[in-house]
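Before any comments, here is the structure.
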Amino acid sequence: MSFDDLHKANEQQLTSTVDSIVNDFEVTPEKLDELVAYFIEQMEKGLAPQDNDDKSTNKGLPMIPSYVTSTPNGTEKGTLLAADLGGTNFRTCSVTLNGDHTFSMEQMKSKIPDELLEPTGVSSEMLFSYLARRTQLFMKKYYEADMQAGKEFRLGFTFSYPVDQTSLNSGTLIRWTKGFQIADTVGADIVELFQGEIDKLGMQNVKIVALTNDTVGTFLSHCYCSDNTDSMTTGEISEPVIGCIFGTGTNGCYKEEISKLTKVPQATRDKWAEEGKTHMVINTEWGSFDNDLKHLPTTKYDVDIDQKFSSNPGFHLFEKRVSGMFMGEILRNVLVDLHTRGLIFNQYRTTAQLPHRLQTPFELDSEVLSHIEIDDSTGLRETELSLLQSLRLPTSPTERREIQRLVRAISRRSAYLSSVPLAAIIIKTGTLEMRYHGEVEIGCDGSVVEYYPGFRSMIRHALALGPLGAEGERKTHLKIAKDGSGVGSALCALVA
0 MSFDDLHKAN
10 EQQLTSTVDS
20 IVNDFEVTPE
30 KLDELVAYFI
40 EQMEKGLAPQ
50 DNDDKSTNKG
60 LPMIPSYVTS
70 TPNGTEKGTL
80 LAADLGGTNF
90 RTCSVTLNGD
100 HTFSMEQMKS
110 KIPDELLEPT
120 GVSSEMLFSY
130 LARRTQLFMK
140 KYYEADMQAG
150 KEFRLGFTFS
160 YPVDQTSLNS
170 GTLIRWTKGF
180 QIADTVGADI
190 VELFQGEIDK
200 LGMQNVKIVA
210 LTNDTVGTFL
220 SHCYCSDNTD
230 SMTTGEISEP
240 VIGCIFGTGT
250 NGCYKEEISK
260 LTKVPQATRD
270 KWAEEGKTHM
280 VINTEWGSFD
290 NDLKHLPTTK
300 YDVDIDQKFS
310 SNPGFHLFEK
320 RVSGMFMGEI
330 LRNVLVDLHT
340 RGLIFNQYRT
350 TAQLPHRLQT
360 PFELDSEVLS
370 HIEIDDSTGL
380 RETELSLLQS
390 LRLPTSPTER
400 REIQRLVRAI
410 SRRSAYLSSV
420 PLAAIIIKTG
430 TLEMRYHGEV
440 EIGCDGSVVE
450 YYPGFRSMIR
460 HALALGPLGA
470 EGERKTHLKI
480 AKDGSGVGSA
490 LCALVA
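So this is what it looks like as structure tokens:
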């Protein structure tokens, strides 16, 4: 066999192997139906009382009550504080609500010091004293005179980790999911820890009145900024029903009837009913959907990433197939596997000789995938430059063509799976049937849903393919909610 024949045979084998991998990443309409039905089942299980004697691991979705029982309508006014702890940054801001669906903001953002992200030797006090000092710096810069005059400030705290919330301003950490690994914070009341450190600095007039997460904040922000509700001038009747995040991670919340929240004691629900409260925002924590893998599509790459490279194996398995943090890691694992099989990057004889960045878990950012996704340049030149710049990885035109196919299969699966909770919540709540010509709005935040090319279009396509159908998809509007974690937590403080 000549060199050219051998080269052609290798290319054909690569294409055939990629065909098989792309097929493994496919989510069919039948699978969408199956997943939506199971998601609804898991929601209902999570809303119901938990049997402490039940030894099974499947207790449904967490379905955490947020204790937010009213939503803004855009007419609210006032200045409130917000603090937002994410995976890599901490932000303090003040939000001025103008009462006309608009707001203005002052903010200060700080990168979390690396020493607080170490796996050992870090305490809750070290973390929350740092957050309190950053808050103090913000208050001195923008409100020093007001602080000296003793003015009271209400602060909403966005804490984007699973919390067992017991009231609007208290909740204990269930587990860390990204960034931190501080053992003594688990099981502790987050608000008490933060407020304690704020008080130590003499800022007793700053009171944390609301604890929320970025998803609930996104929903409240969307409710405030949306002016389509009951808009008779446009002919649309839109109801904000879901807040969701599709970025580094993924999660969602929605408005549920309090009468269906049977995990909360009857006496408490009766008390809320007497106060005229009918609905509560529920934090689904849908990143944990189907951790038992009964229905989620699973490739060998998903298994390897969960077991070998993630910090929480066995948890957040839906998130690990959907979020921006994992899209690049899935592609990296596929590329290393193809090289191991001798099908790609043959200039490197062994895995150890591959560029260091390609060998390093989570080094391949989803932003690189976004460039490859829409590359239509001659010879996929943009893809070539992206891979050289991000991974120091030279590629041939054939390799780039197959890599682009893999990128598109990974992103399509992510978007199609992202449609599942949205369709499930719309169907479960019956929102589209509540009004004649009823339509729904979904407030979205996160880098993937906002910036990844075609991601929202792919979600919409999946909504049409799934049980909502084309008509349901046409009545569903995906809107970008601006600054959910900042504005949202300030609105939560207002609600309090």
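Residue numbers for the sequence shown follow numbering that gives the first Met the number 0, so the first one is 0 and each next one is one higher. Positions of the beta carbon are idealized from the N, C-alpha and C atoms, including for glycine. On a predicted model such as this, the values are computed, not experimentally measured, just so you know.
Close-in-space but distant-in-sequence residues of the same chain around residue i (CB under 6 Å, 5 per side omitted)
| i | result |
| --- | --- |
| residue 54 | For residue 54, the predicted model reports a pLDDT of 47, less than 50, meaning its position is unreliable; a value from the coordinates is still stated below. Answer for residue 54: no residue qualifies. |
| residue 246 | 323, 445, 446, 447 |
| residue 103 | 95 |
| residue 321 | 249, 413, 416, 417 |
| residue 115 | 121, 126 |
| residue 146 | 138 |
| residue 200 | 131, 135 |
| residue 231 | In this predicted model, residue 231 has a pLDDT of only 36, less than 50, meaning its place in the structure is not dependable; the value taken from the coordinates is given anyway. Taken in chain order, the list of residues that qualify is empty. |
Exposed unless 16 or more other CB atoms sit within 10 angstroms - verdict on residue i
| i | result |
| --- | --- |
| residue 435 | exposed |
| residue 493 | buried |
| residue 83 | buried |
| residue 122 | exposed |
| residue 510 | There is simply no residue 510 to check, as the chain begins at 0 and stops at 495 in what is shown. |
| residue 565 | Nothing about residue 565 can be reported from this structure: the residues present for the chain run from 0 to 495 only. |
| residue 483 | buried |
| residue 261 | exposed |
| residue 359 | exposed |
| residue 369 | buried |
| residue 11 | exposed |
| residue 302 | exposed |
| residue 433 | exposed |
| residue 315 | buried |
| residue 387 | exposed |
| residue 8 | exposed |
| residue 456 | exposed |
| residue 378 | exposed |
| residue 265 | exposed |
| residue 15 | exposed |
| residue 283 | buried |
| residue 382 | buried |
Residues near residue i in its chain [Cβ-Cβ closer than 7 Å; skip 5 each side]
| i | result |
| --- | --- |
| residue 306 | 312 |
| residue 149 | 204 |
| residue 166 | 66 |
| residue 393 | 387 |
| residue 183 | 122, 123 |
| residue 407 | 372 |
| residue 187 | 123, 171, 172 |
Nonlocal neighbours in the same chain, by C-beta distance under 8 Å from residue i, ignoring five residues either side
| i | result |
| --- | --- |
| residue 300 | 329, 332, 333, 336 |
| residue 168 | 190, 207, 208, 209, 210, 495 |
| residue 174 | 160, 161, 185, 311, 314 |
| residue 213 | 83, 85, 157, 159, 244, 250, 444, 483, 484, 487 |
| residue 223 | 71, 72, 73, 75, 96, 100, 102, 486, 490 |
C-beta atoms of residue i and residue j nearer than 8 Å
| i | j | result |
| --- | --- | --- |
| residue 485 | residue 94 | yes |
| residue 119 | residue 253 | no |
| residue 271 | residue 257 | yes |
| residue 221 | residue 480 | yes |
| residue 63 | residue 180 | no |
| residue 409 | residue 279 | no |
| residue 462 | residue 472 | yes |
| residue 45 | residue 60 | yes |
| residue 362 | residue 248 | no |
| residue 421 | residue 474 | no |
| residue 176 | residue 162 | no |
| residue 491 | residue 219 | yes |
| residue 47 | residue 157 | no |
| residue 185 | residue 197 | no |
| residue 340 | residue 391 | no |
| residue 439 | residue 255 | no |
| residue 153 | residue 34 | no |
| residue 404 | residue 26 | no |
| residue 451 | residue 385 | no |
Can at least three beta-carbon pairs, one atom from the stretch 64 to 76 and one from the stretch 124 to 133, be found at a separation below 8 Å? No, the stretch 64 to 76 does not touch the stretch 124 to 133.
For a minimum of 3 consecutive residues, which ranges assigned as the beta strand (DSSP E) are wholly contained in the stretch 338 to 376? The qualifying runs do not exist here; there are none.
Three or more beta-carbon pairs under 8 Å between the stretch 39 to 51 and the stretch 463 to 472, yes or no? With a cut-off of 8 Å, the stretch 463 to 472 and the stretch 39 to 51 do not count as touching, because too few Cβ pairs lie within range.
For the structure I just gave you, are there three or more beta carbon pairs, one from the stretch 363 to 376 and one from the stretch 396 to 406, closer than 8 Å? Cβ pair count under 8 Å is three or more, so yes.
Ordered list of beta strand (DSSP E) runs contained in the stretch 141 to 218, each at least 3 residues: Runs of the beta strand (DSSP E) inside the stretch 141 to 218: 152 to 158, 162 to 166, 169 to 172, 205 to 211.
List in chain order: all unbroken beta strand (DSSP E) runs of 3+ residues lying wholly within the stretch 264 to 349. As far as the stretch 264 to 349 is concerned, its whole beta strand (DSSP E) runs of at least 3 residues are 278 to 282.
What runs of the alpha helix (DSSP H), each 4 residues or longer, lie entirely inside the stretch 411 to 451? Counting only runs of 4 or more, we get 446 to 450.
Quick one: which unbroken alpha helix (DSSP H) runs of 4-plus residues sit fully inside the stretch 7 to 64? Chain order, please. Fully enclosed alpha helix (DSSP H) runs of 4 or longer: 28 to 46.
Which runs of the beta strand (DSSP E) spanning at least 3 residues fall entirely within the stretch 82 to 112, listed in chain order? Within the stretch 82 to 112, the complete beta strand (DSSP E) runs of at least 3 residues are 88 to 97, 102 to 110.
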